[in-house]
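Novice:
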Amino acid sequence: MLVNGQSPNFVTILSVIRAIENLGFDNLTQAIHGLLLKMGFESEVSVVTCLLGAYSVGDDEVAWKLFDEMPNRDLFLWNAMLSVCVKSGQYFKSFEIFRGMQYNCVQPNHVSIVSMLPACAALGNSAFGRQIHGFSIKLVCHSLTNVQNSLVDMYAKCGYLETSIRVFDTIEKKDLISWRTMIHGCVKNECPRTALHMFSRMKSCSFIPDEVIILDTIGASAEAEKVSFGLGFHGYTLKSGFINFVSVMTALLQMYVKFGIFESATIIFNQIQWKDLIAWSAMISAYAQSGHPLNALDTFKEMQSTNEEPNEITLVSVLQACSSMGVQDLGENIHAHVTKVGYSSNAFLISALIDFYCKFGRIRQGKALFDEILVKDLVCWSSMINGYGINGRGVEALGTFSKMLNCGVMPNEVVFISLLSACSHCGLENEGWNWFLRDGRDLWNYMPIKPDKRIWGALLAGCRSSYGSIEMAEFVVEQLIGLDSENTSCYVVLSNLYAEQCRWEDVERLRKLVNYKRLTKETGYSVLEANS
């Protein structure tokens, strides 16, 4: 049009701006903005409103300048600026805009409500979200489907799933977004069975799920450990054509790993024709975390042959496999790669490197990496404490634990296990080990989590290294048997403690009990790297 010497009119300009907004081209936005100034359209409210939308995906500073320079602001302009704030993550600014439009006697509408609720959800501000809910009732727009969908999303993201479900049930004209939002909310609130129930309800209403719903439901099947539902869902993806989506195939792979069906997971992985980084990482992580380190390393080598660059998640999984297989060279190469590509600021990856070096007895390298981390999270502290513990450096482990507490970082079960192991290996009665033994019966009252068999196992190991703790050992064995009735190691430790105190009748009683239960002692083994 411009080449032919024809000047665009008002309608043409609006259409072009909307097209640019959808494409997200910043240069085009600036070019059209310049053309508007040249043609004298910069004072038109509707044109500036469209420009705000275009700048919302790019330069929000220009959007603010445009908004501030407009003397006459109508509802559409206020809503456009509200949308800019939310899209650019300026949630507190969006609250100011929402209040400002009312202060300027501009009545918000359902578009304003739909824009504000995601800001409340992002900040977890349920109190303001409830006020917006009440305001929507006052405006008589609370029954609109898009408003109700936003309310469902807001309450779910703020952790009020029951309220979210109640709002969802009041939606008279549910659309696919309604179901997608509700199912996703259930998954994010760790209610997988509720998510599966919602999916069944959706199917009964003749709605066809999209990719997002499929992914959430597969994840819910895995978390709920509903094998039959997961298998049925696999069949549904084959029938509906979703099996061609790499994301869906990857989700199915992770589901089968969760079920412990590695054969099916491997088959699905091999069926993915165009594997992306997420698919590779999922398979490598599954192998590494499920006791198949050799498969993890083989898959990593296969991934490298395709020239796919690993990310932080991939490298963490490979480091775990290297530690399990005793492969130092590859781990050192990964460390060099981390430094080269600039992943050194990733605390989770550096923690994996600390764990890697400490498991090979290279505590100095692990400590050097630990000291380089400026902001240490719980994973970093746990890796260093565990590193000291497995290398018999109990004093350093307890000292690091003390520093962690002084930094205001609360321990979890992994830290407790590492600390208990350090005490058991080093016999640090004077450093607090006797406290664990003396108050072990009330241990769960002091811990933020319920002790599992790993924690009780570490406590039992401490009983073995602390003379006179036979009663505590009996109590711990009782807890372990309750969690794992086929655990033979606890019987062995308790039998040895009885033998040390010459309680041969108790030794014989335990031996008969093990034979009666037909339990067998697990054989120990080691893995060494030879010829690469």
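Residues 1 to 532 (UniProt numbering) are what the sequence shown spells out, left to right. The beta carbon of each residue, even a glycine, is placed where N, CA and C say it ideally should be.
#1: Put residue 409 into one of helix, strand or coil per three-state DSSP.
#2: Alpha carbon to alpha carbon, what distance is there between residue 79 and residue 164?
#3: Counting pairs of beta carbons, one from the stretch 279-291 and one from the stretch 254-263, are three or more of them closer than 8 Å?
#4: Could you have a look at residue 362 and say whether DSSP puts it in helix, strand or coil?
#5: Assign residue 408 to buried or exposed, taking buried as 16 or more other Cβ atoms, counted over all protein chains shown, within 10 Å of its Cβ.
#6: Which of the three DSSP states is assigned to residue 374 in this structure?
#7: Looking at residue 296 and residue 327, is the spacing between their C-beta atoms short of 8 Å?
#8: Which ranges would you report for the alpha helix (DSSP H) in the stretch 255-340 if only whole runs of at least 4 residues count?
#9: Start and end of the alpha helix (DSSP H) containing residue 149?
#10: Quick one: measure Cβ to Cβ for residue 194 and residue 205, integer angstroms, because I've assumed they're closer than 8 Å.
#11: Taking the alpha carbon of residue 422 as the reference point, which residue from 414, 413, 386 has its own alpha carbon closest?
#12: To the nearest angstrom, how far is the alpha carbon of residue 116 from that of residue 180?
#13: Give the DSSP-derived three-state secondary structure of residue 174 in the structure shown.
#14: Would you tell me roughly how many angstroms separate the C-alpha atoms of residue 88 and residue 114, rounded to the nearest one?
#15: In angstroms, rounded to a whole number, what distance separates the CA positions of residue 245 and residue 290?
#16: Starting from residue 169 and walking both ways along the alpha helix (DSSP H), at which residues does that stretch end?
#17: Are the Cβ atoms of residue 323 and residue 355 separated by less than 8 Å?
#18: Give me the Cα-Cα distance between residue 513 and residue 492, rounded to the nearest whole angstrom.
#19: Which of the three DSSP states, helix, strand or coil, is assigned to residue 139?
#20: Can you tell me where the alpha helix (DSSP H) with residue 201 in it begins and where it stops?
#21: When the Cα atoms are used, what is the spatial distance from residue 330 to residue 314?
#22: For residue 71, count neighbouring C-beta atoms within 10 Å of its own C-beta (all shown protein chains included) and say buried if the count is 16 or more, exposed if not.
#23: Output needed for residue 401: all residues of its chain with C-beta closer than 6 Å, excluding positions within five of it in sequence on either side, in chain order.
#24: How many Å lie between residue 152 and residue 130 at the Cα?
#25: Can you check which of these residues, 253, 135, 184, 52, is closest to residue 157 by C-alpha distance?
#26: Please work out which residues of its chain come closer than 8 Å, Cβ to Cβ, to residue 273, disregarding the five sequence neighbours upstream and downstream, and give them in chain order.
#27: In the DSSP assignment, the alpha helix (DSSP H) including residue 224 goes from what residue to what residue?
#28: How is residue 130 classed by DSSP in three states: helix, strand or coil?
#29: Which value, in whole angstroms, describes the spacing of the CA atoms of residue 66 and residue 154?
#30: Cα separation between residue 143 and residue 137?
#31: Identify, in the order they occur along the chain, each residue of the same chain with its Cβ nearer than 6 Å to the Cβ of residue 74, setting aside the five sequence neighbours on each side.
#32: Pick helix, strand or coil for residue 208, following the three-state DSSP scheme.
Specialist: Reading from the atomic positions:
#1: coil
#2: 25 Å
#3: yes
#4: coil
#5: exposed
#6: coil
#7: no
#8: 262-271, 277-289, 293-305, 312-325
#9: 145-157
#10: Not really, about 17 Å apart at Cβ, beyond 8 Å.
#11: 386
#12: 20 Å
#13: coil
#14: 16 Å
#15: 25 Å
#16: 161-169
#17: yes
#18: 12 Å
#19: coil
#20: 192-204
#21: 13 Å
#22: exposed
#23: 385, 419
#24: 12 Å
#25: 184
#26: none
#27: Premise fails: residue 224 is in no alpha helix (DSSP H) and is neither H nor E.
#28: helix
#29: 30 Å
#30: 8 Å
#31: 45
#32: coil
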